[in-house]
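> Residue 225 in numbering that gives the first Met the number 0 is what sits at position 226 of the sequence shown, and the numbering runs on without skipping anything. We put the beta carbon where it would ideally sit given N, CA and C, even for glycine. None of these values were measured; they are calculated from a predicted model.
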Amino acid sequence: MEGFMSLNWINVEEYSFNSFLLMERFQLRILLKSSEQDKKLSQQLGIALLANPAVRWYFLHKCPECSAIVKALDEKSPKTADASTVRDAELYVLSRVEDFVIYTTPERMDTQCDFIYAWDKKRLFELADFQGKTVLDIGSGSGRLAFTAAERAEEVYASEPVDCLREYLRDKIRQEKIKNIRVGDGMAHSLPYPDNTFDIVMSGHVVGDNYDTELSEIFRVVKSGGWVLDCPGEESRKCAPDRELLMRGFEEFHYTSSLGGDVYRYRKQIFKDN
Numbered sequence: 000m001e002g003f004m005s006l007n008w009i010n011v012e013e014y015s016f017n018s019f020l021l022m023e024r025f026q027l028r029i030l031l032k033s034s035e036q037d038k039k040l041s042q043q044l045g046i047a048l049l050a051n052p053a054v055r056w057y058f059l060h061k062c063p064e065c066s067a068i069v070k071a072l073d074e075k076s077p078k079t080a081d082a083s084t085v086r087d088a089e090l091y092v093l094s095r096v097e098d099f100v101i102y103t104t105p106e107r108m109d110t111q112c113d114f115i116y117a118w119d120k121k122r123l124f125e126l127a128d129f130q131g132k133t134v135l136d137i138g139s140g141s142g143r144l145a146f147t148a149a150e151r152a153e154e155v156y157a158s159e160p161v162d163c164l165r166e167y168l169r170d171k172i173r174q175e176k177i178k179n180i181r182v183g184d185g186m187a188h189s190l191p192y193p194d195n196t197f198d199i200v201m202s203g204h205v206v207g208d209n210y211d212t213e214l215s216e217i218f219r220v221v222k223s224g225g226w227v228l229d230c231p232g233e234e235s236r237k238c239a240p241d242r243e244l245l246m247r248g249f250e251e252f253h254y255t256s257s258l259g260g261d262v263y264r265y266r267k268q269i270f271k272d273n
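1. Quick one: measure Cβ to Cβ for K267 and F249, integer angstroms, because I've assumed they're closer than 8 Å.
2. Spatial neighbours of F197 within its chain, please: CB distance less than 7 Å, with the 5 preceding and 5 following residues excluded, ordered by chain position.
3. So what's I269 in DSSP terms, helix, strand or just coil?
4. Would you tell me roughly how many angstroms separate the C-alpha atoms of T103 and M22, rounded to the nearest one?
5. How many angstroms separate the CA atom of F129 from the CA atom of R151?
6. In three-state terms, what does DSSP make of W8?
7. I'd like the list of long-range same chain contacts for I172, defined as Cβ closer than 8 Å, with 5 residues on each side in sequence excluded.
8. I'd like to check one pair, A145 with V155: are the Cβ atoms closer than 8 Å?
9. Starting from D170 and walking both ways along the alpha helix (DSSP H), at which residues does that stretch end?
10. I'd like to know whether the C-beta atoms of G232 and G185 end up nearer to each other than 8 Å.
11. With a 10 Å radius around its C-beta and 16 neighbouring C-beta atoms as the bar for buried, classify P193 as buried or exposed.
12. Which runs of the beta strand (DSSP E) fall wholly inside the region 101 to 186 and span at least 3 residues, in chain order?
13. Measuring straight from C-alpha to C-alpha, what distance separates E106 and E12?
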């Protein structure tokens, strides 16, 4: 599956294949579409789904636009497989979507995801003045940016398309008696907020599937004079700057991560014609 990589966040052997029953439509669609281009993934996913009829049913009904892919997997897969073969197939598929799998246990993310636990919140506060601001965090995840911003902002809206993560955020907000974070659904290309709503719109590890569509939507909801921030977490790899953001007028701020890799942060102030 091109685009997915080993993250070493979890031991997939600790997870049931039923983890897919907690996943969202868009996640299943990504996996199924990717299987069309990846022979081994197709083989292993077919074996695992036939051995797990409840999960197969969920794929068909949660993601009906991909039902033909599921049925094609059925036709190519052996109708019987021993327990060892099935479990090997399950683990292979789970390992290919490791980030989706850990989202089903969000309580583990803050201690097992290196981009979160090694991150210093000063990296966000260096980019903008959050005092008294209304802020949107896109793809909030377990709340790395949202909870940090809430320390200074007037109000923070945490937009997250994965239900397990939304519920985790809500539980943490209740437990910590935080009053200024609101949790909602939404993705970068389709934000359920009016034009010109936020002083700061921020994200990390989100923008990049379709820069034009995503940034157009982000620019729509930010106020004139407001800031758009891209603030990823820590990184262990050596990597290159984001040329797409640079071409669109974003400022770049680089530092060497505590994990040894390169971290590039970006910001752009948006001005709109009245």
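On the basis of the supplied data:
1. To locate residue 267, count along the sequence shown from 1; it is residue 268. To locate residue 249, count along the sequence shown from 1; it is residue 250. At roughly 5 Å, the Cβ-Cβ gap stays under 8 Å, so K267 and F249 are in contact.
2. Position 198 of the sequence shown, counting from 1, holds the residue named residue 197. Cβ within range, chain order: T133, V134, L135, V220, V221, K222, G225.
3. Here residue 269 is taken as the residue at index 270 of the sequence shown, counted from 1. Of the three classes helix, strand and coil, the one that applies to I269 here is coil, per DSSP.
4. Your numbering for residue 103 matches position 104 in the sequence shown. Your numbering for residue 22 matches position 23 in the sequence shown. Roughly 7 Å between the two C-alpha positions.
5. Numbered from its first residue, the sequence shown carries residue 129 at position 130. Numbered from its first residue, the sequence shown carries residue 151 at position 152. Spanning the two alpha carbons is a distance of roughly 6 Å.
6. The count along the sequence shown starts at 1 and reaches residue 8 at position 9. In this structure, W8 counts as coil in the three-state DSSP scheme.
7. Working through the sequence shown from its first residue, we reach residue 172 at position 173. Counting only Cβ-Cβ distances below 8 Å, and skipping sequence neighbours, we find I180, V182.
8. Taking the first residue of the sequence shown as 1, we reach residue 155 at position 156. Taking the first residue of the sequence shown as 1, we reach residue 145 at position 146. Cβ atoms of V155 and A145: closer than 8 Å.
9. Taking the first residue of the sequence shown as position 1, residue 170 is located at position 171. Counting along the chain, the alpha helix (DSSP H) containing D170 begins and ends at 162 to 174.
10. On the sequence shown, position 233 is the one that residue 232 refers to. On the sequence shown, position 186 is the one that residue 185 refers to. No, they are not a contact pair.
11. In the sequence shown, the residue the question calls residue 193 occupies position 194. Per the 10 Å Cβ criterion, exposed.
12. 133 to 137, 154 to 158, 180 to 183
13. Taking the first residue of the sequence shown as 1, we reach residue 106 at position 107. Taking the first residue of the sequence shown as 1, we reach residue 12 at position 13. Cα to Cα, E106 sits roughly 18 Å from E12.
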